[in-house]
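This report refers to the structure that appears directly beneath it.
Protein chains: 2
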Amino acid sequence: MQKINLREKFSLFDEHWKPKIVGELNGQQVKLVKFAGPFVWHQHQAGDELFLVVQGRFRMEFRDRDVWLEEGEFLIVPRGVEHRPVADQEVHVLLFEPAGTLNTGDAQSALTAAALDRI
Amino acid sequence: MQKINLREKFSLFDEHWKPKIVGELNGQQVKLVKFAGPFVWHQHQAGDELFLVVQGRFRMEFRDRDVWLEEGEFLIVPRGVEHRPVADQEVHVLLFEPAGTLNTGDAQSALTAAALDRI
């Protein structure tokens, strides 16, 4: 049972779009990820996904609208809803989602990260 | 699908120890709570509990040690582990835990909050 300092954990990696696992509870995982640029359109069939902005801002695109997320704001994307995060500048995001959730969901992509590190 | 601004939500209530529900996903709930003073010793038999400090700091007491949690830090308390949060000064905390988790767990107390508001 170790406490996690978000800033320290974010300092441990530079790569974009590949979440790092920093905690696990009740079958869910807490992940940290850095976004930069546009991601791929995708959805998750089996789980809802929470995005909390720790530093910076980004835009979550949906098929019918965009939602801008600022530092200290979160959004829950329900399962089955297509979405695409786009970050004009690097942003640090905390994710909360079922263990084993694939970052690109149903979309095959060069950005698909199958095996995630724990940091 | 509405984004949640943590600062704005914390501005909507003053009471201590009574969590407010601000999100729900995968059978889990996101709650916001303000701690001040000592809570009661308790444990949760059925669920793990995450505490993330949004503003301020507090001490999580366990039977064999204390863990200080600062802003931007989180701790996961596994089910079945007795704990007691103590805040020398008011602290704003985000909780992540199974839907329906009772704040005082197995302990009956004047601080038990049976019905939580959604804000």
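Chains as they are written, first to last, in my numbering: chain A, -12 to 106; chain B, -12 to 106.
From the three backbone atoms N, C-alpha and C, an ideal C-beta is built for every residue, glycine too.
Point to revise | Cβ shell of V9 of chain B (< 7 angstroms), same chain only, five flanking positions each side left out | key: As a first step, residue 9 of chain B must be located in the second sequence, where it is residue number 22. If we look at V9 of chain B and ignore the five residues flanking it on each side, its Cβ neighbours are I(-9), K(-4), V17, K18, L19, I106.
Practice item. Note down, in chain order, each residue of its chain lying with its Cβ closer than 8 angstroms to the Cβ of A101 of chain A, except the 5 sequence neighbours on either side. Key: By one-based count along the first sequence, residue 101 of chain A stands at place 114. Closer than 8 angstroms at Cβ, skipping near neighbours: L89.
Check your understanding: Is there at least one Cβ from chain A nearer than 8 angstroms to R(-6) of chain B's Cβ?
Key -> One-based indexing of the second sequence puts residue -6 of chain B at position 7. It does; some Cβ of chain A falls within 8 angstroms.
Check your understanding: Three-state secondary structure (DSSP) at F45 of chain A?
Key -> As a position in the first sequence, residue 45 of chain A is number 58, starting the count at 1. Looking at F45 of chain A - three-state DSSP - the assignment turns out to be strand.
Point to revise | Rounded distance between the beta-carbons of F38 of chain A and L(-1) of chain A, thought under 8 angstroms | key: For this step, residue -1 of chain A is matched to residue 12 along the first sequence. For this step, residue 38 of chain A is matched to residue 51 along the first sequence. Their Cβ separation, rounded to whole angstroms, is 20 angstroms, which puts L(-1) of chain A and F38 of chain A out of contact at 8 angstroms.
Review point. Which residues of chain B have a Cβ atom closer than 9 angstroms to the Cβ of P65 of chain A, listed in chain order?
Key: For the purposes of this step, residue 65 of chain A is taken as the residue at position 78 of the first sequence. Simply M(-12), L12.
Review point. Taking a cut of 7 angstroms between CB atoms, which residues from the stretch 71 to 89 of chain A lie near chain B?
Key: F83, P85
**Study point:** Cross-strand partners of P85 of chain A (DSSP beta bridge)
**Key:** Mapped onto the first sequence, residue 85 of chain A falls at position 98. Beta-bridge pairing links P85 of chain A to A:Q15.
Check your understanding: Where do the ends of the alpha helix (DSSP H) carrying V(-5) of chain A lie?
Key -> In the first sequence, counting from the first residue as 1, residue -5 of chain A sits at position 8. Here residue -5 of chain A is Glu; the residue named in the question, Val, does not match the sequence. Element bounds for E(-5) of chain A: -7 to -3.
Check your understanding: Considering only C-alpha positions, which residue in the set A:G14, A:R(-6), A:Q30 is nearest to G92 of chain A?
Key -> Numbered from 1 along the first sequence, position 105 holds the residue referred to as residue 92 of chain A. Residue A:Q30 is the option with its Cα nearest to G92 of chain A.
Check your understanding: For A74 of chain A, which of helix, strand or coil comes out of DSSP?
Key -> Within the first sequence, numbered from 1, the residue matching residue 74 of chain A stands at position 87. Correct three-state label for A74 of chain A: strand.
Check your understanding: Given 8 angstroms as the limit, is there contact between the stretch 44 to 51 of chain A and the stretch 60 to 74 of chain A, that is, 3 or more CB pairs closer than that?
Key -> yes
Review point. Which of the three DSSP states, helix, strand or coil, is assigned to R105 of chain A?
Key: Against the first sequence, residue 105 of chain A aligns to sequence position 118. Three-state DSSP puts R105 of chain A in a strand.
Practice item. Taking V54 of chain B as the query, report the chain A residues whose CB atoms sit under 8 angstroms from its CB, ordered along the chain. Key: Along the second sequence, one-based indexing puts residue 54 of chain B at 67. By Cβ distance, chain A contributes M(-12), K(-10).
Exercise for review: Can you tell me which of the three DSSP states F38 of chain B falls into?
Suggested key: Stepping through the second sequence from its first residue, residue 38 of chain B is reached at position 51. Strand.
Review point. Hey, does F0 of chain B have any beta-carbon neighbour from chain A nearer than 8 angstroms?
Key: For the purposes of this step, residue 0 of chain B is identified with residue 13 of the second sequence, where counting begins at 1. Judged by the 8 angstroms Cβ criterion, F0 of chain B is not in contact with chain A.
Review point. Between L19 of chain B and chain A, is there a C-beta pair that is closer than 8 angstroms?
Key: Indexing the second sequence from 1 puts residue 19 of chain B at position 32. So no, L19 of chain B is outside the interface.
Check your understanding: Does D51 of chain A get closer than 8 angstroms to chain B when you measure Cβ to Cβ?
Key -> What you label residue 51 of chain A is simply residue 64 of the first sequence in a count that begins at 1. Taking Cβ atoms only, chain B never reaches closer than 8 angstroms to D51 of chain A, which makes this a no.
Exercise for review: At 8 angstroms on the CB atoms, spell out the chain A contacts of E60 of chain B, in chain order.
Suggested key: Sequence index remark: in the second sequence, residue 60 of chain B carries index 73 (1-based). Among the residues of chain A, those whose CB is under 8 angstroms from the CB of E60 of chain B are K(-10), I(-9), N(-8), L(-7), following chain order.
Check your understanding: Sorted by chain position, which residues of the same chain lie with C-beta nearer than 8 angstroms to G67 of chain B's C-beta, five sequence neighbours on each side aside?
Key -> In the second sequence, the residue the question calls residue 67 of chain B occupies position 80. These residues qualify, in order along the chain: Q30, H31, Q32.
Check your understanding: Can you find a C-beta in chain B that's less than 8 angstroms from the C-beta of G34 of chain A?
Key -> Position 47 of the first sequence, counted from the first residue, corresponds to residue 34 of chain A. Closer than 8 angstroms to some Cβ of chain B, the Cβ of G34 of chain A qualifies, so yes.
Practice item. With DSSP as the reference, please indicate the residues paired to P25 of chain A in a beta bridge. Key: Along the first sequence, one-based indexing puts residue 25 of chain A at 38. According to DSSP, P25 of chain A bridges with A:V73.
Review point. Quick one: does D15 of chain A have its CB under 8 angstroms from some CB of chain B?
Key: The sequence position of residue 15 of chain A within the first sequence is 28, counting from 1. A small correction: the amino acid at residue 15 of chain A is Gln; Asp does not occupy that position in the sequence shown. Chain B, which has a Cβ nearer than 8 angstroms to the Cβ of Q15 of chain A, makes this yes.
Point to revise | Euclidean distance between Cα positions of E58 of chain A and Q76 of chain B | key: Taking the first sequence and counting its residues from 1, one reaches residue 58 of chain A at position 71. Taking the second sequence and counting its residues from 1, one reaches residue 76 of chain B at position 89. C-alpha separation (whole angstroms): 24 angstroms.
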